[in-house]
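Each residue of the sequence shown is one higher than the one before, starting from 10 at the first, in this note's numbering. C-beta: ideal position from N, C-alpha, C; glycine also. In this text the structure is predicted, and so the values were computed from the model without any measurement.
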Amino acid sequence: MGWSKIMTPLTQQTLMVGALLFTFGLVGFLSRRNLILIFLSVELMLAGVATNFIAFGSHYGIASGQLFAILILTVASCEAAIALAMVVALYRRKSTLDVELWSDLRETAPEKSKPTAKSESSKHAEYPVLTPAGIDPLTTKVPVTLPDVPAPKA
Numbered sequence: 010m011g012w013s014k015i016m017t018p019l020t021q022q023t024l025m026v027g028a029l030l031f032t033f034g035l036v037g038f039l040s041r042r043n044l045i046l047i048f049l050s051v052e053l054m055l056a057g058v059a060t061n062f063i064a065f066g067s068h069y070g071i072a073s074g075q076l077f078a079i080l081i082l083t084v085a086s087c088e089a090a091i092a093l094a095m096v097v098a099l100y101r102r103k104s105t106l107d108v109e110l111w112s113d114l115r116e117t118a119p120e121k122s123k124p125t126a127k128s129e130s131s132k133h134a135e136y137p138v139l140t141p142a143g144i145d146p147l148t149t150k151v152p153v154t155l156p157d158v159p160a161p162k163a
């Protein structure tokens, strides 16, 4: 095994092609909003990584680079099938492929309320009284304080 081999121009060119594929995929992934183009960019990144594995494997004369490339291509094909199923399901639901419009699972920000001037005693009266630790609320009667509610008018 020649671990200190000098890289040939072919190996350098292959590594540059792999790096360019990965870079183009990364730029596409970060700049696109269309879901299909995002998945294609991820596939381009995986192709760049596989190309670099093959280049290093052939440079050092070991087969692990080719084995990793086959593994990457297998995972990429499974990922493409799952991604296509997700795209079809999401398109049927929303009729668009824009990622920004799919915010069903996004956490909503709480609305900011305007602060009101309250006295110190009225701030604490809004909070419920909790059961003290060590007391079973089902067997022990615990005093509960409720806010004053006016009686309904008849």
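- In this model, I71 and A64 are separated by some 10 Å (Cα to Cα).
- For I79, the enclosing alpha helix (DSSP H) begins and ends at S73 to K103.
- Fewer than three Cβ pairs drawn from the segment 73-81 and the segment 35-44 lie within less than 8 Å of each other, which leaves the two stretches out of contact.
- Selection V108, G27, S104 and L19 evaluated against H68 yields L19 as nearest (Cα-Cα).
- Counting the other Cβ atoms within 10 Å of the Cβ of A94 gives fewer than 16, which makes it exposed.
- Beta-bridge pairing by DSSP links N43 to D107.
- Between E88 and the set T105, E52, G57 and R101, the nearest pair of CA atoms involves E52.
- Assignment of A160 by DSSP, reduced to helix, strand and coil, places it in the coil class.
- Nearest to T23 by C-alpha distance, out of F33, T60, S86 and S40, is T60.
- Judged by their CB atoms, F48 and A85 are not nearer to each other than the 8 Å cut-off.
- In this structure, the alpha-carbon of V58 lies about 10 Å from that of L29.
- Going by C-alpha positions, Y100 is about 13 Å away from E109.
- Distance between V26 and T17, taken at the CA atoms: about 14 Å.
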